[in-house]
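Residue numbers (full-length UniProt numbering): 1 to 692.
Note that the Cβ used here is the ideal one computed from N, Cα and C, for glycine as well.
As the structure is a computational prediction, the values presented were derived from the model and not from experiment.
Take a look at the structure below.
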C-alpha cells in the first residue's frame, strides 16, 4: 500500500513538472509573438507597398498624399506646391488614368531600396507603357520613403523639361448621305468675316460699332478679339462665320474699311429647314460636355452632335484627331516622343432617306404646322421625316445671333418642336386599327351590318346628353367597307363596344401601343388610354374612331398600315441603307392575313370610290389605298373654340412596282376642309415621287 502511495506521488510530481514546462513554453511563445509583432509594427509598410500606394494615389488625384510619401531630402528640395503643380499638370494634361505597375526587381542596400517596375497607363493618345526605377530610403523611424525626381513621372523627364500634348493630324467628320448619295450633312464652305486692324477707318469705335450692328454681336466681343496678344496691324482677325450665300450681308460688310472675308471649312446642311429636325446639328463642345465625355478623345476644339442624326450617329460620324505626347526641353524643342495616336477619320453614314422626297414633303407642308413620314411599306425603309415649321441648322453651327435665337424660342408656331417624333390624336385615321382589332378578336365580321343609326347615336340613356355623331348618312349596309369609305364614326364606336375594354387594350398592345418603336431615331410611344385605362364606355366608344385618349406617333401609324400589305405583319422601320433590303418585321402576324387583306381592299375603295373620303388621292395607273382623319382637339363635346388636326395616310396597294406610303398630319385645319386639306398635298408628293 505504501509502495503504491509513493508511486502515485512520483507520478503527480512528473505531471506537475510537465505542466510547469508547458506553461513556461506558452508564456515564452506569447512574449516572442509580441516582440515579433512589435518589430513588424515598427518596420512599417514595405518599399513595394509604399510605391504601390504612390501609384494608386495618381489614379485618384491625391497629390498631397503622394507628397507625404516622399523622403525628407526630396521635401527640402521640392516644395509641396511645386510637386503638386508638376504632377497634376502632367498627369491631367495627358489625361492619365488606370495607372498600374508591375514590379520586376527589388535590390536592397542598407537603408536604400531600388525597385524596377513596368508602368501602364491610359492617356489621351492611347495606352502608354514604359519601364522605370524608383529609389526608396529608410528614415530614422525605419519607414521607407520615396526619393523623388521628375523621372518618376517619365524616365526621360529632366527637371527643366516639360510634357506637351499636340494635335498631330486633324480628323474629318463623316458625311451623312441619302440613299442616292446626296449629302444631308457634309463638310462645306462658309464665309469667315474678319478684321484687318491696321485698315480700320477712324473713328475706330464707330467703325467697330457698325460692324457689330451688321453682325448682331457685341462690340466688346470684337474689341476683345482685336486685343489678343498675337494680333498685329496686318493680321486677319476672324470674328464671325456666316453662310456662304449671305450675299446681301457680305456686300454691306465689305463697304466698311478693314473688313476682309475669306472662305472657311464648316459643317453644312444643304437641305436647311427641309431636314432640320431630321439631321439635327453639331456645335462646339462645352466644358460640361468635356466632363461627361472624359476619356473619349474629345478636346476643346471638338464638335459634338447635339440633336437629330448628328447625335444618333455621333460615334460613327466623329473623327478623332491624331495626337502626340512629347517631352520638350527648356527651349521647347522635342526631346522624345512618348506616344503617337494616328488620326481616325469619321465614317460616312448612308441612310434610306430620299433627299428629293424629303424636300417635296417639306414644300407640300409649306407654311403649315405639321409633319410627314414616308416609307417603303414592304422593306421598312424610311424615305422622309419632316416637321414644320423648322429652323436652319446651319445657324446653330455658325453661331446664332441673339435676335434669331429669341425669334425661334418665342415663335408661337414652335419651329424648334419636332412634330414627327411626338404623338397626336389620330381621329378617323385610327379606324383601320379598330377594324384590325375587331377582326382579330372575332368581335364582328367584315360583312356584319351594324344597322342604321342616323347621324347621331348613343349606347343607352346612361350616356345622358352625350351622342356620337358622324358627318354623312349613306345607303346600304353599315358594314366595314362602307364604314371606312364614308368614315362612319358611329360604326366604329359600336365596333369598339363590341370588342370590349380588355380585348381592345390587349390587342392594341400587340400592335405596339405602349412600347418603343424599334427605330434608330427615338419616337414617342403611342397610347390607347392613359395609365388609368378605359374609365367609361363613352371613352371606349370614342376610342374606336380615334378620339378619347388615343395618341399615335405618325411613324407607328405607318408601321401599322404596313401590315395591310404584309399579310398582317408590321414592318420594322429603318433608317440604315442596304443595297438589297429585304426588311424585317416588328410584329409578325399581328393581324390575321385574311383580315389584313380585307382591310386593304376596303382602304382601296376609300380612294377609288367616288364617294370615298380619300377619292381626291386617286392616281391613274396606280392602285392607291388610304384613310383620312380629322381629329377634334377640344375641351368637351360642346366646345366650339377647339382646333382640328388633319390626317391622311396613303400607300401603294399593289404587290409589284414602286412601293410608297406617306402619312401626313397638319394642325389647325378647322374651317379649311379638315382632312381634305391634307389629301391633295399627299397626292402631289406621291405623283412627284412616281416620276423619279
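Contact between the segment 499 to 507 and the segment 534 to 553 is present: 3 or more CB-CB pairs across the two stretches fall below 8 Å. Taking C-alpha positions only, residue 339 is separated from residue 81 by approximately 28 Å. Taking a 10 Å sphere around the C-beta of residue 471, we find fewer than 16 other C-beta atoms and assign the residue as exposed.
According to the DSSP secondary-structure assignment, residue 323 is paired through a beta bridge with 167, 341.
Around the CB of residue 83, 16 or more other CB atoms lie within 10 Å, so the residue is classed as buried. The three-state reading of DSSP puts residue 424 in strand, counting E and B together. According to the DSSP assignment, residue 605 belongs to the alpha helix (DSSP H) that extends over 593 to 608.
Here DSSP, grouped into helix, strand and coil, assigns residue 225 to helix. About 6 Å separates the CB atoms of residue 243 and residue 394; that is less than 8 Å, so the two are in contact. When C-alpha distances from residue 193 are compared across 586, 483, 208, the shortest belongs to 208. Cα atoms of residue 675 and residue 313: separation of roughly 36 Å, rounded to the nearest angstrom. Ranked by Cα distance from residue 397, the first of 204, 234, 281 is 281. Around the CB of residue 614, 16 or more other CB atoms lie within 10 Å, so the residue is classed as buried. If you compare the alpha carbons of 124, 643, 169, 74 with that of residue 345, the shortest gap goes to 169.
Burial state of residue 236 is exposed, judged by a 10 Å Cβ sphere holding fewer than 16 other Cβ atoms.
Buried is the label assigned to residue 501, since at least 16 other Cβ atoms lie within 10 Å of its Cβ. Every alpha helix (DSSP H) of 4 residues or more that sits fully in the segment 457 to 545 is shown, in chain order, as 480 to 485, 489 to 499, 501 to 510, 537 to 544.
Rounded to whole angstroms, the separation of the alpha carbons of residue 124 and residue 324 is 9 Å. Shown here, residue 378 sits in coil according to DSSP, grouped into three states, outside any helix or strand. Note on the segment 283 to 311: whole alpha helix (DSSP H) runs with a minimum of 4 residues are 287 to 292, in chain order.
Take the alpha-carbon of residue 424 and the one of residue 487: they are about 19 Å apart. From the listed residues 586, 539, 550, the smallest Cα separation to residue 511 is found for 586. Secondary structure within the segment 357 to 419: the beta strand (DSSP E) runs of 3 or more consecutive residues, fully enclosed, are 370 to 375, 382 to 388 (chain order). The alpha-carbon of residue 663 is positioned some 8 Å away from that of residue 682. Collapsing the DSSP output to three states places residue 661 in a strand. Cβ-Cβ separation between residue 115 and residue 49: approximately 11 Å, too far for a contact (criterion under 8 Å).
For residue 240, the enclosing beta strand (DSSP E) begins and ends at 237 to 242. DSSP lists 625, 661 as the bridge partner or partners of residue 651.
In this structure, the CA atom of residue 176 is about 15 Å from the CA atom of residue 382. DSSP links residue 183 through a beta bridge to 177. Contact between residue 98 and residue 121 holds: CB atoms are separated by about 6 Å, below the 8 Å threshold. For residue 102, the enclosing beta strand (DSSP E) covers residues 97 to 109. In its chain, beyond the 5 residues on either side, 368, 370, 646, 678 have a beta carbon closer than 6 Å to the beta carbon of residue 666.
Per DSSP, the unbroken alpha helix (DSSP H) holding residue 66 starts and ends at 63 to 68.
For residue 58, the enclosing alpha helix (DSSP H) covers residues 47 to 60. Membership of residue 262 in the beta strand (DSSP E) is indicated by the continuous run 259 to 268.
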